[in-house]
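Trainee: One structure, pasted below without further comment.
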Amino acid sequence: LQTVAGEYGGLIAASDDSIFYISGAALRRSSHDGTVDAEYQLDDHHFHSPVLAPGGLLFCVLYNEDDMGDWDEDLGRPTPVTTNEIAALDAQTLQLRHRFGLGLFKDAGQLVVAGDELYACDAGNHRLQVFSFTGEHRRSITGEWRSPVALCCVKGRLYLVERPHPAFPLQGSRLLVLSLQGDLLQVVTHPTEPRAVF
């Protein structure tokens, strides 16, 4: 329908009147015409995986690029970050409300809101972390997966994708359907190419 000018890095979040995205080390909110209405930066930190929640909150993963480990040939990227945490911001002003989860993550991935909870991929620990909107850690979910990096919620079901890994041929080539409590409901693979990567 339209193209919005700007430099967008990674995932975005959107509402009826705003687009939330990362540009360099800044988190930005713009109108649909591309006008930047608010911006937030935190010294020595970067953001990823913005997600909107009820009550005017925007959650993002915070990380410090200086804390990245050495290059891992098997992973094809630096070793996981252990200093990830989550930032909760006011969705209109992008003012920081609170930070939480420090020490719980090893390579935090995508965030998703389901009901009144925030789910976070914790790839390095092979689990999902679940929080209240105020940052209270409610539970960790583990299961028959490794390195969860992508997650979405539709009609009360979580859809999880693993990070592909050369040592684990099925990893990344299946979509796992979970209940909100973490029960495995279904495993989906490509119907004609079982090793195709999601």
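So the sequence shown is numbered by the numbering used here: it starts at 4 and just counts up by one. Ideal Cβ placement from N, Cα and C applies to all residues, glycine included.
1) According to DSSP, what are the bridge partners of residue 116?
2) From what residue to what residue does the beta strand (DSSP E) around residue 48 run?
3) By the three-class DSSP mapping on this structure, what secondary structure does residue 127 have?
4) Looking only at C-alpha atoms, which of 188, 92, 116, 184 sits nearest to residue 42?
5) Does any residue of chain B bring its CB to less than 8 Å from the CB of residue 145?
6) Within 10 angstroms of its Cβ, does residue 125 collect 16 or more other Cβ (buried), or is it exposed?
7) In the DSSP assignment, the beta strand (DSSP E) including residue 166 goes from what residue to what residue?
8) Could you give the first and the last residue of the continuous beta strand (DSSP E) run that contains residue 108?
9) Have a look at 143, 140, 186, 142 and flag the residue whose alpha-carbon is nearest the alpha-carbon of residue 162.
10) What is the residue span of the beta strand (DSSP E) that residue 180 lies within?
11) Which partner residues does residue 151 have in the DSSP bridge list?
12) With DSSP as the reference, identify every bridge partner of residue 245, one or two as the case may be.
13) Near residue 191, which residues of its chain fall below 6 Å by C-beta distance, leaving aside the five closest residues on each side in sequence?
14) Are the beta-carbon atoms of residue 115 and residue 54 separated by less than 8 Å?
15) Within this structure, are the beta carbons of residue 111 and residue 164 separated by less than 8 Å?
16) Thinking just about the alpha-carbon of each residue, which of 13, 33, 25, 27 is nearest to the one in residue 19?
17) Between residue 96 and the rest of its own chain, which residues show a CB-CB distance below 8 Å, the 5 nearest in sequence each way excluded?
18) Please identify the residue among 26, 158, 199, 44 whose C-alpha is closest to the C-alpha of residue 167.
Mentor: From the atom records:
1) Taking the sequence shown and counting its residues from 1, one reaches residue 116 at position 113. Residue 116 is bridged to 121.
2) Translated into positions along the sequence shown, residue 48 becomes position 45. Counting along the chain, residue 48 falls outside any beta strand (DSSP E), and DSSP gives it neither H nor E.
3) The residue given as residue 127 occupies position 124 in the sequence shown. Correct three-state label for residue 127: helix.
4) Position 39 of the sequence shown holds residue 42. Selected option, being the one with the closest Cα: 92.
5) The chain labelled as chain B is not found in the depicted structure, where only one protein chain is given.
6) Reading the sequence shown from its first residue, position 122 is the one you call residue 125. Residue environment: residue 125 is assigned as buried (16 or more neighbouring CB atoms within 10 Å of its CB, all protein chains considered).
7) The residue labelled residue 166 in the question sits at position 163 within the sequence shown. Careful: residue 166 lies outside any beta strand (DSSP E) and carries neither H nor E.
8) Within the sequence shown, the letter at position 105 stands for residue 108. It is not in any beta strand (DSSP E) - residue 108 carries neither H nor E in the DSSP assignment.
9) Along the sequence shown, one-based indexing puts residue 162 at 159. That would be 186, whose Cα lies nearest to the Cα of residue 162.
10) For the purposes of this step, residue 180 is identified with residue 177 of the sequence shown, where counting begins at 1. Segment 177-181, the beta strand (DSSP E) holding residue 180.
11) Sequence index remark: in the sequence shown, residue 151 carries index 148 (1-based). BP columns for residue 151 point to 165.
12) Since the first and last residues shown for the chain are 4 and 201, residue 245 lies out of range.
13) Counting from 1 along the sequence shown, the entry for residue 191 is found at position 188. The beta carbon of residue 191 lies closer than 6 Å to those of 178 in the same chain, with the five residues before and after it left out.
14) Locating residue 115 in the sequence shown gives position 112, counting from the first residue. Locating residue 54 in the sequence shown gives position 51, counting from the first residue. Going by C-beta atoms, residue 115 is nearer than 8 Å to residue 54.
15) Against the sequence shown, residue 111 aligns to sequence position 108. Against the sequence shown, residue 164 aligns to sequence position 161. No, these two residues do not count as a Cβ contact at 8 Å.
16) What you label residue 19 is simply residue 16 of the sequence shown in a count that begins at 1. Answer by Cα proximity: 33.
17) Taking the first residue of the sequence shown as position 1, residue 96 is located at position 93. Result list for residue 96: 41, in chain order.
18) Here residue 167 is taken as the residue at index 164 of the sequence shown, counted from 1. Check the Cα spacing between residue 167 and each of 26, 158, 199, 44: the tightest is with 199.
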